[in-house]
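In what follows, a single structure is set out as structure tokens and then discussed.
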Amino acid sequence: MNSNESKFSHVKPGDTAFVSGGLRDFFLYRDLGIADATGGKVIAHLVRANHAPEAGTGWHIHGADFHIVYMLKGWAKFMYEDQETLVEAGDCVHQRPGIRHFLFDYSPDMEYLEIVGPAEFTSVGVEGPCAVPAPAKW
1 MNSNESKFSH
11 VKPGDTAFVS
21 GGLRDFFLYR
31 DLGIADATGG
41 KVIAHLVRAN
51 HAPEAGTGWH
61 IHGADFHIVY
71 MLKGWAKFMY
81 EDQETLVEAG
91 DCVHQRPGIR
101 HFLFDYSPDM
111 EYLEIVGPAE
121 FTSVGVEGPC
131 AVPAPAKW
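Residue numbers for the sequence shown follow full-length UniProt numbering, beginning at 1 and rising by one.
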């Protein structure tokens with residue numbers, strides 16, 4: 001990407017709000033302006049727990065070339081293929097393209113930074129390789 005394809009962006013905490021209507025109805029999302037700044041090459045947003053986990057995300061894969069999650073607050077439990085993974089504040093996860101995963105539990109204060117390329121990535125339900133533990137009650 002060269003300077004003709006992207007533009008400078010500076011988003012302050014009060015510039016954008018957490019809103020519903022994102023990929024998951026039990027999360028809130030705060031746009032950080034990166035999709036617009038990169039012409040759709042990358043999206044960066046904050047994701048925050050909005051409701052207690054009930055069924056989680058279900059098994060899925062993303063149509064993305066690059067995907068990281070950096071946990072800012074709280075924790076989340078994922079299944080990556082057949083491996084249960086606790087992601088806590090300060091942890092960074094690179095989700096390789098095509099990895100089957102399932103976010104099934106998270107703390108009430110969970111908040112993470114998600115960076116994905118391209119910005120308009122897909123999420124496709126798939127059959128899982130194993131059973132998934134039930135989420136804890138809030």
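Beta carbons are placed, not taken as given, at the ideal position from N, Cα and C, and that holds for glycine.
Query: D109 - DSSP class collapsed to helix/strand/coil; Result: coil
Query: Check whether A44 and L32 have beta carbons under 7 Å apart; Result: yes
Query: Sequence-distant residues of its chain with Cβ nearer than 7 Å to S6 (five each side left out); Result: A37, T38 and G39
Query: Same chain, Cβ closer than 6 Å to S107, neighbours up to 5 away in sequence not counted; Result: G74 and W75
Query: Close-in-space but distant-in-sequence residues of the same chain around V19 (CB under 7 Å, 5 per side omitted); Result: L28 and Y29
Query: Where A37 sits in the DSSP three-state scheme; Result: helix
Query: Neighbourhood of H62 by C-beta, 6 Å cutoff - its chain only, sequence neighbours within 5 removed; Result: F121 and S123
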